[in-house]
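Q: I'd like to ask some things about the structure below.
In this note's numbering, the protein residues as written are 905 to 1385.
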């Protein structure tokens, strides 16, 4: 009897020792993961801050009028453009999120945007993007642990040429990329988890992130629609009513943001513009006689000279831009008649005129339009930027080699994953890729416009260093145990 009791006591002690060892190992692993995350965050902070320090012209230009909009908001409370001493004119030319954020960095005493504060904002957003990418990579390619591949993914985001360059500009790439990886992180952490169906209110977080993304870039509205549908089909084992609830909650705040922005534009601009009044121009920029002629006759790798287009564009109210003759005319010596009266131009009317001109070009040359769509998608994913004035060949080659190597690594990881990338946890990334390709196939694009999907590209590239693929029907992991 005593012998049996001693055996039971020994077994109990052994079980306790094993349990203690497992808990100690888990704590040590979590500490190591926290150190890794802190390391990625610190590295990203250092890289992005160093770039701003050495960049002589960081935030000096305002190509998209975000500085002007933010300063108008800070000084007058009007989302508009101020011309001289005139009151600011309300506009829907740009989406509102980024200018509103910048307006908080504009001291009321000076009324001038603080570039130092913008620099801090961009550095922090860039570091958070690297951090989120590391976490997402650990869930998708390393079986819920932060290993070498996850760390490499975060580091690649920190040094990415497009993201680094755009972090020095008053443009939306930095915040748009942070929002996109935040949505992906929510999706990866939520879909397929045990609490996904029970805590439906968590889908409001996804809805909020998508609403902010839409207010940053209207392109993301397409992504929101796709993810709303995906949230319905992702929970195939969940009851139909619960899945319907997920879809409704995902769309809820996006619809609120859409209605709010449209209502604001109806009251301030005179038309319920749901996106921006800039869409017609970007469509026309991508579909005009000059650009189509360039595609037909230009040399490979040669940048399009937009000067003829721009010279004609400024005269769009002096003729009919829906005709071929308008775009082929030499406007350099044009002089308006002395008694001519300029038509009343509204923001929405100008946007519509551009849409009609682009549509007319597409209708005249449907085959060239289809070819131009392929060209634009190719440029969206191109590893090499165009050689442009002021851009050295050395930089073009270095960037091209970097992205070419990255794409090779992405292709290798995709080959190892195969159909596993079609698993629900990958749907947010797939939907984003479809969104960017679909929208930018039609509208003007260049390779910086793929910025929102760069974190996903980096984590796929980092997946190539994982030792051995392992089948995971839920996440499509490539990690081994």
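Don't be surprised by glycine CBs; every beta carbon is placed ideally from N, CA and C.
Where does the unbroken alpha helix (DSSP H) through residue 1301 begin, and where does it stop?
A: That run of the alpha helix (DSSP H) goes 1297–1321.
Q: Could you check the C-alpha separation between residue 1026 and residue 1178 for me, to the nearest Å?
A: Residue 1026 and residue 1178: Cα-Cα distance of roughly 27 Å.
Q: From the DSSP secondary-structure annotation, give me the bridge partner or partners of residue 984.
A: DSSP, once it has assigned bridges, lists 994 as partnering residue 984.
Q: When the Cα atoms are used, what is the spatial distance from residue 1219 to residue 1201?
A: The straight-line gap from Cα to Cα measures roughly 25 Å.
Q: Counting C-beta neighbours from all protein chains within 10 Å, is the total for residue 1137 16 or more, i.e. buried, or is it exposed?
A: Exposed is the call here.
Q: Ordered along the chain, which non-local residues of its own chain (more than five positions away) have a Cβ less than 7 Å from that of residue 1189?
A: Excluding positions up to five away in sequence, the list reads 1348.
Q: Using the Cβ count rule (16 or more neighbours within 10 Å means buried), how would you classify residue 1134?
A: Classification of residue 1134: buried, given that the 10 Å Cβ count is 16 or more.
Q: Quick check on the burial criterion: 16 or more other C-beta atoms within 10 angstroms. Buried or exposed for residue 957?
A: Per the 10 Å Cβ criterion, exposed.
Q: Quick check for students: name the residue ranges of the alpha helix (DSSP H) that lie wholly in the region 1073–1121, counting only runs of 4 or more.
A: Whole alpha helix (DSSP H) segments, 4+ residues: 1077–1094 and 1107–1120.
Q: When you compare each of 1016, 946 and 1221 to residue 976 by their alpha carbons, which one comes out closest?
A: Considering only alpha carbons, the answer is 1016.
Q: To the nearest angstrom, report how far apart residue 1216 and residue 1343 are at their CA atoms.
A: So the alpha carbons of these two residues sit roughly 26 Å apart.
Q: From the DSSP output, in three-state form, read off residue 1010 for me.
A: Residue 1010: coil per DSSP, three-state reduction.
Q: How far does the alpha helix (DSSP H) with residue 1217 in it extend, from its first residue to its last?
A: Where residue 1217 is concerned, the enclosing alpha helix (DSSP H) stretches over 1211–1217.
Q: Could you tell me which whole alpha helix (DSSP H) segments of length 4 or greater appear in the region 1009–1054?
A: With a minimum length of 4 residues, the continuous alpha helix (DSSP H) runs that stay inside the region 1009–1054 are 1019–1044.
Q: What would DSSP say about residue 1324, mapped onto helix, strand or coil?
A: Helix.
Q: DSSP state of residue 1332, grouped into three classes?
A: In the structure shown, residue 1332 sits in a helix (DSSP, three-state: H, G or I).
Q: Enumerate in chain order the residues of its own chain whose CB-to-CB distance from residue 1066 is below 8 Å, with the five nearest sequence positions on each side excluded.
A: Contacts found: 1077, 1351, 1352, 1354, 1355 and 1358.
Q: Check whether the Cβ atoms of residue 998 and residue 969 sit closer than 8 Å, and answer yes or no.
A: Yes.
Q: Can you list, in chain order, the residues of its chain whose CB lies under 8 Å from that of residue 1079, leaving out five sequence neighbours each side?
A: Closer than 8 Å at Cβ, skipping near neighbours: 1001, 1002, 1005, 1029 and 1120.
Q: Going by other Cβ atoms of all chains shown within 10 Å of its Cβ, with 16 needed for buried, is residue 1124 buried or exposed?
A: Per the 10 Å Cβ criterion, buried.
Q: Identify, in the order they occur along the chain, each residue of the same chain with its Cβ nearer than 6 Å to the Cβ of residue 945, setting aside the five sequence neighbours on each side.
A: Excluding positions up to five away in sequence, the list reads 1031 and 1035.
Q: For residue 1063, does the three-state DSSP call read helix, strand or coil?
A: Helix.
Q: Does the Cβ of residue 1204 have 16 or more other Cβ atoms within 10 Å, making it buried, or fewer, making it exposed?
A: That one is exposed.
Q: Residues in its own chain within less than 6 Å of residue 1304 by CB, not counting five upstream and five downstream?
A: So the list reads 1287 and 1288, once near-sequence residues are dropped.
Q: Would you kindly work out how many angstroms separate the C-alpha atoms of residue 1033 and residue 1058, rounded to a whole number?
A: Going from the Cα of residue 1033 to the Cα of residue 1058 covers about 8 Å.
Q: Ordered along the chain, which non-local residues of its own chain (more than five positions away) have a Cβ less than 8 Å from that of residue 1151?
A: Counting only Cβ-Cβ distances below 8 Å, and skipping sequence neighbours, we find 1132, 1133, 1135 and 1136.
Q: If you reduce the DSSP assignment to three classes, tell me which class residue 1272 lands in.
A: Correct three-state label for residue 1272: helix.
Q: Are the beta-carbon atoms belonging to residue 1438 and residue 955 less than 8 Å from one another?
A: Given that the chain is displayed from residue 905 to residue 1385, the structure contains no residue 1438 and the question cannot be resolved.
Q: Is DSSP giving residue 1347 helix, strand or coil here?
A: In the structure shown, residue 1347 sits in coil (DSSP, three-state: anything other than H, G, I, E or B).
Q: On the DSSP letters alone, give me the boundaries of the alpha helix (DSSP H) that residue 1201 sits inside.
A: Where residue 1201 is concerned, the enclosing alpha helix (DSSP H) stretches over 1193–1201.
Q: Under 6 Å Cβ to Cβ from residue 953, same chain only, skipping five residues before and after it: list those, please.
A: 1027, listed in sequence order.
Q: Whose C-beta lies closer than 6 Å to the C-beta of residue 1231 among residues of the same chain, with five residues either side of it excluded?
A: Only 1193 and 1216 meet the Cβ criterion.
Q: Tell me the rounded alpha-carbon separation between residue 1270 and residue 1282.
A: Distance between the alpha carbons of residue 1270 and residue 1282: 19 Å.
Q: If we count Cβ pairs, one from each stretch, closer than 8 Å, do we get three or more for the region 1364–1371 versus the region 1301–1320?
A: The region 1364–1371 is in contact with the region 1301–1320.
Q: Can you tell me whether residue 1014 is buried or exposed? The criterion is at least 16 other CB atoms within 10 Å of its CB, across all chains shown.
A: Counting Cβ neighbours within 10 Å, residue 1014 comes out exposed, since fewer than 16 surround it.
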